[in-house]
Each structure stands twice: as structure tokens, then as C-alpha cells.
Amino acid sequence: MEEPSMQRSTVSTIVVMVCTFLSRLFGFVRIAVVGAIFGASGEADVLNAVFTIPNNLRKLMAEGALSSAFIPVLSKTIVQNPKDTRKIVANILTFQGLVLIPLLILSVVFAYPIVKLLLDFPEMDRILLAERLFRWMIHYLLLVSISAVLMGILNAHHRFLVPAVTPILFSLFVISSVLLLWKQLGVFSMVVGVLGGGIAQVLFQLPQFFAHGYTLKPDFQFDNPPFRQILKQWAPVVLTASIYTVNEQIAIRFATALEDGSTSAMSNALVFWQLPFGIFSASITTVLFPRMSRQAGSSDFLGVRRTVEYGFQYLIILLIPSALILTLLGKEVIAVAMQRRNFTSFHTLLTYRVLVGFNVGLLSVGAFNFFQRFFYSLDDYKTPLLTALFVCGLDVVLSLILKETALRVSGLAYANSIAFTLGLIAMYVKTDRKIGPLNLKGILFTLGKVVVACIPVTVLCLGAKARMGELWQEGSSLRGLGFLLLTGLGAGGLLWGMYMLLGIDLFRFGKGKGERAP
């Protein structure tokens, strides 16, 4: 299979970004519906806390650990021995079933002690509700894990559109089930949506999966070398992902022990934070990870270095202004999206404070995730593991300190941002040593351009906010929506104009002599 050019990778990245934007938009509608009907405390806290359990665990068997282990092997096999890919895929899906089905059975049987271990609600009625929800929601883990493997397989074949559209189905199912069934089922209406959405994600990808010659027929013969290599790589990756999963679950446990609404504030803030993260960071990593794996497989280390430079600079160009605009207009965004019925101005302000804490580390988390995939593409799993131990240990220590200050739940977000920023610095230094010096001068030059471009954007947003006053306190209103649309489009257009003026063309970024990132 011919390696796509850097310009084609840019086009693929933009396609994934557009689809991800639509997915995140429906995600906003989803949390707005859930927030309006169930509020942001009480049962909503329980609902959000329970959903984070399978959502975090999927990183072990879905797009996190297993995908990181098998995409490099599958990408190289597609180039070197295309006929072997069918057996590898059959082994992966069979292995997933053997691991996850017994895990789900044990989770149902021991639901109460698991919930007591992972959550810290002081009220017994909330613990019992969490136990009942957990018995159902945990099955989402199997569905999303299969879906993520299908995504990884299609991405390895440079098929990005269908996998990028798939998450939209999940939000549509949750929105529909909550709106139609909440009066009859209460919070369990979301269970119907979560499981229905998980099934839809799998079914939607199967036609293209079959079109590439793959099947769902189990294959229990795990003795082939490529699959053994995947398992060998999966072990350290799953250990690394486990550290992050435990760390995130500890943060949720900390939040459940704080004031009412803290857990929902964290969950809701992450949804808004994940809009730019998913659109930009995840999209860039999704497109460039298979590319780096192929380059490493053909010993093109100069190409790997150029791809790393390109990806890091692209992240700087997109994530820094995203974090800035989301911070400047955060209260207005949250209020328009969620502040209605049971979701009050208090919940908006609490969610915003947490969001600001996460925004501080938006670039750090995005770039850290990208560099982690770079090391996986080189079959280096020790570096990400050791760095994960450092980042997560520091995060827990900082969380214990900051949650007891006036920051409270937002202190958990600041702790996360600080830890990942220091982790990114460590990753960059190790990358420099691994493949030779990166183009630091070019990276800093790009950073300087971005900072300059953000100055007029900041002035515009602050001026618009000063003119409109505390508009966010009105909640979801046409006036607030109009303000956001006008200000957001103005800020985006101004940023684009500044980028063009400074020589940053997003559609041509990465194209040039030798396809070096500028």
C-alpha cells in the first residue's frame, strides 16, 4: 500500500476533525439533555460517576492499550505481508471476547464491592443506585471495545470517514432514549441509550470491515508470530493505560467526596474540554500514528522525525487558541449549552472553574498523547510506562493538596494539567534523544506566531464580554446563543486572518520541500 503524502495526511486530518466536531456537537446536546432532566447533583452525580467506570476501562481494551499495541503491527503487516492481516484481526477479536466476557460476569456478581471501592458517596441510597446502574452499564465496555478495534483496523487501511462518524450514533441513541423514556425509567433511560449506542457503533462499521476481507469468525490459534508480538507489546501498554485509568478513577473518587455537584462538574467540564481535544489532538494522532508506524517499520527514521515535528507544531497551532477561546467564553458556552431547568447558574460557574483548570493543560495532554504514540510506533513501551508512573503519581499528590484548598474540585483539574505539562517536557527530551534533535527553532518560531495571533483574538473576546456584561447568568437564551455565534465566528475569522498574515496556512501546513513541517 502506497504511503500517503503529508498533504494527504493533512486532508485526512481535516476530514476527521470535521466529523469529530459534529460528534462533539451531538455530545453537547447529549449532556444538555441529561443535565436539563436530571440536573447536576444527586442522581446525576451517581449517573456520571458510574458511566466513568466502563468509559475509563475501555482504555485498556479499546482505543487505548490494545489499539496502541496492534495498530503498529497491523500497519507493518499490511505493507509487508497483507495476507496475514485477516488472521491477526480474528485473533484480536477472539482475544477480546475471552478477556472481557468473564470480566463482565464477575462485575455483575460483585457489583456492590466494586462500586464501594471506586466511589465514595456518603449516602447509602446513592451507593445502591450506583450498584444497580453499574450492573447494566458495565456491558458497554464490550461493545465500545469491539467498536474501537474496528476503528483501528479501518484507520490502518487509511479509512477514516466511517470510524469518525461512528461516535455520533452513540450520542443520538442516548439523546433519544433519555427524551423518550426518562418518565418511565428515570436515570435508567440513559442505560438504554448507552447500550443501544454501543451496538449501533459496531453495526455501522461492519460493512466496510467486511469489504476489506475480514470476518467475525473466532480464531483460537494464537500461535502466529504477529499476534504474539501484539500480546508482548500489549502487556506494557495495558500497564501504562491501567495507571491512567486508576489515576482517573481516583480523581472521580476524590470528587464524589467533595460538595454536591462536584462529580457532575468534572464530567461536564471534560465534555467541553474534549471538544477541541477530540477535534484536533485525537484527530491528528489518529491520522499520524499509523503513518509513524509504517515509517518506523521501513526504517525511515528521518520521515518519523519529520512527522513528529509536523504533528507537534500542528497541535500548537490548533490547541493553544482553542484553550484560550474556551477559557474566555467558557461561562457563556456552558450556560447556553446546559443552563436550563435543573441545571442552574451555580452549576455553570462550578463547571466553568473546573474547565479552566483543564484548559491550562490542553496542549500538554494533547502533545503528551501524541508523543506516547510516537514511542509505541518505535516499539518502545518502557518510556511511556515510566513517564505514566511519574505523571500519575504527581497528579495524585497534587490532587490531595489542591482539593483541600479554596480550589476544591477545580484543584483536581489543575493538578492534572500541571502533571501532564511536566510529563510532556520529559517526553520531548526523550524523543530528542531517541531520533535525534527535533527542529526546536522551528517549533519555537511556530509557537511565537501563535502567541502573536492570539493577542487580537483575546482583545476581541474581552471587548465583546465587557459590552454584554454577565450575559451567561441568563442561561440558555437566544441572546446568549447569538453572542456566542457572533463572537466565536469573529474570533475564529480573526485568528484565521492572523495565521494567514503570519504565514500559517492550515490547509497547506506540512507541504513543502521534503515535506518538512515549517
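All residue numbers for the sequence shown refer to numbering that gives the first Met the number 0, where the first residue is 0 and numbers rise by one. No residue lacks a Cβ here, since even glycine has one placed at the ideal position from N, Cα and C. If you're wondering where the values come from, they're calculated on a predicted model, not measured in any experiment.
Would you tell me roughly how many angstroms separate the C-alpha atoms of His346 and Ile36, rounded to the nearest one? Position 347 of the sequence shown, counted from the start, is the residue given in the question as residue 346. Position 37 of the sequence shown, counted from the start, is the residue given in the question as residue 36. Each residue's alpha carbon lies about 14 angstroms from the other.
How long is the line joining the alpha carbons of Leu92 and Asp83, rounded to whole angstroms? For the purposes of this step, residue 92 is taken as the residue at position 93 of the sequence shown. For the purposes of this step, residue 83 is taken as the residue at position 84 of the sequence shown. Counting only the Cα atoms, Asp83 lies some 15 angstroms from Leu92.
Does DSSP put Phe528 in a helix, a strand or coil? Nothing can be reported for residue 528, as the shown portion of the chain is limited to 0 through 517.
With 16 other Cβ atoms within 10 Å as the buried cut-off, status of Gln472: One-based indexing of the sequence shown puts residue 472 at position 473. Looking at its Cβ environment, which holds fewer than 16 other Cβ atoms inside 10 Å, Gln472 is exposed.
From which residue to which residue does the alpha helix (DSSP H) around Ile229 run? Counting from 1 along the sequence shown, the entry for residue 229 is found at position 230. Taken as a continuous stretch (DSSP letters only), the alpha helix (DSSP H) holding Ile229 covers Pro224 to Thr255.
Using only the heavy atoms of the ligand HEM, determine whether one of them is closer than 7 angstroms to the beta carbon of Glu122. Within the structure as shown, the ligand HEM is missing, as the structure has no ligands at all.
Any alpha helix (DSSP H) of 4 or more consecutive residues that is wholly inside the segment 426-492: Segments of the alpha helix (DSSP H) lying fully in the segment 426-492: 439-467.
Thr214 versus Val88 - alpha carbon distance: As a working note, residue 214 is residue 215 in the sequence shown. As a working note, residue 88 is residue 89 in the sequence shown. Those two C-alpha atoms are separated by around 8 angstroms.
If I follow the unbroken alpha helix (DSSP H) through Ile137, where does it start and stop? Sequence index remark: in the sequence shown, residue 137 carries index 138 (1-based). Annotation for Ile137: no alpha helix (DSSP H) segment contains it, and DSSP assigns it neither H nor E.
What did DSSP end up calling Asp218 once you bin it into helix, strand or coil? One-based indexing of the sequence shown puts residue 218 at position 219. Here DSSP, grouped into helix, strand and coil, assigns Asp218 to coil.
Are Val530 and Val193 closer than 8 angstroms when you measure CB to CB? Nothing about residue 530 can be reported from this structure: the residues present for the chain run from 0 to 517 only.
Suppose you measure from the CA of Gln312 to the CA of Val395; what does that come to, to the nearest Å? The residue you call residue 312 lines up with position 313 of the sequence shown. The residue you call residue 395 lines up with position 396 of the sequence shown. Between Gln312 and Val395, the C-alpha separation is close to 30 angstroms.
Where do the ends of the alpha helix (DSSP H) carrying Pro81 lie? Here the question's residue 81 lines up with position 82 in the sequence shown. Careful: Pro81 lies outside any alpha helix (DSSP H) and carries neither H nor E.
Decide yes or no for the touch test of the segment 277-289 against the segment 14-33: beta carbon pairs closer than 8 angstroms, at least 3 of them. Because the criterion of three Cβ pairs below 8 angstroms is met, the segment 277-289 and the segment 14-33 touch.
Quick check: what's the CA-CA separation for Phe221 versus Gln232? Counting from one through the sequence shown, the residue named residue 221 turns up at place 222. Counting from one through the sequence shown, the residue named residue 232 turns up at place 233. The straight-line gap from Cα to Cα measures roughly 15 angstroms.
Less than 8 angstroms between the beta carbons of Ile242 and Ala68, yes or no? The residue labelled residue 242 in the question sits at position 243 within the sequence shown. The residue labelled residue 68 in the question sits at position 69 within the sequence shown. For the 8 angstroms CB-CB criterion, Ile242 and Ala68 do not form a contact.
Ordered along the chain, which non-local residues of its own chain (more than five positions away) have a Cβ less than 8 angstroms from that of Glu130? Here residue 130 is taken as the residue at index 131 of the sequence shown, counted from 1. For Glu130, same chain residues with a beta-carbon under 8 angstroms away, outside a window of 5 residues either side, are Ala110, Tyr111 and Val114 in chain order.
Three or more C-beta pairs below 8 angstroms linking the segment 40-55 and the segment 298-313: In short, these stretches do not touch, since the Cβ pair count stays below three.
Which residues mark the beginning and the end of the alpha helix (DSSP H) in which Gly392 is found? On the sequence shown, position 393 is the one that residue 392 refers to. Segment Lys381 to Leu401, the alpha helix (DSSP H) holding Gly392.
How big is the Cα-Cα spacing for Leu99 and Leu437? One-based indexing of the sequence shown puts residue 99 at position 100. One-based indexing of the sequence shown puts residue 437 at position 438. Straight-line Cα distance between these residues: approximately 41 angstroms.
So what does DSSP say about Thr262, is it helix, strand or coil? Position 263 of the sequence shown, counted from the first residue, corresponds to residue 262. Helix, per DSSP.
Cutoff 7 angstroms; reference Phe253; Cβ partners in own chain excluding five residues on either side: As a first step, residue 253 is located in the sequence shown; it is residue number 254 there, counting from the start. Listed in chain order, the non-local C-beta contacts of Phe253 below 7 angstroms within the same chain comprise Ser398, Lys402 and Leu411, local neighbours out to five positions each way being set aside.
On the three-state DSSP scale, how would you describe Gly502? Taking the sequence shown and counting its residues from 1, one reaches residue 502 at position 503. In the structure shown, Gly502 sits in coil (DSSP, three-state: anything other than H, G, I, E or B).
Would you mind sorting Gln371 into buried or exposed? The rule is 16 or more other CB atoms within 10 Å of its CB. What you label residue 371 is simply residue 372 of the sequence shown in a count that begins at 1. A residue is called buried once 16 or more other Cβ atoms fall within 10 Å of its Cβ, and Gln371 is buried on that count.
Under 8 angstroms, do Ser261 and Val408 count as touching if we go by C-beta distance? Numbered from 1 along the sequence shown, position 262 holds the residue referred to as residue 261. Numbered from 1 along the sequence shown, position 409 holds the residue referred to as residue 408. Cβ distance < 8 angstroms, so Ser261 and Val408 count as in contact.
Leu149 to Ile70, Cα distance in whole Å? To locate residue 149, count along the sequence shown from 1; it is residue 150. To locate residue 70, count along the sequence shown from 1; it is residue 71. CA-CA distance, Leu149 to Ile70, rounds to 11 angstroms.
Phe367 vs Met426 beta-carbon contact at 8 angstroms: Residue mapping note: residue 367 aligns to position 368 of the sequence shown, counting from 1. Residue mapping note: residue 426 aligns to position 427 of the sequence shown, counting from 1. A contact, by the Cβ cut-off of 8 angstroms.
Report back the beta-carbon spacing between Val49 and Leu141 to the nearest angstrom; my notes put them in contact at under 8 angstroms. The residue labelled residue 49 in the question sits at position 50 within the sequence shown. The residue labelled residue 141 in the question sits at position 142 within the sequence shown. Between Val49 and Leu141 a beta carbon distance of about 16 angstroms is seen, past the 8 angstroms cut, so the two are scored as non-contacting.
Residue-chain proximity (Arg23, chain B), Cβ-Cβ < 8 angstroms: Structure shown: chain B not included; a single protein chain is present.
Need the endpoints of the alpha helix (DSSP H) that Phe169 sits in, please. For the purposes of this step, residue 169 is taken as the residue at position 170 of the sequence shown. Boundaries of the alpha helix (DSSP H) harbouring Phe169: Leu160 to Leu184, taken from the DSSP string.
Backbone secondary structure at Gly34 - three-state DSSP: Position 35 of the sequence shown, counting from 1, holds the residue named residue 34. Secondary structure at Gly34: helix, using DSSP grouped into helix, strand and coil.
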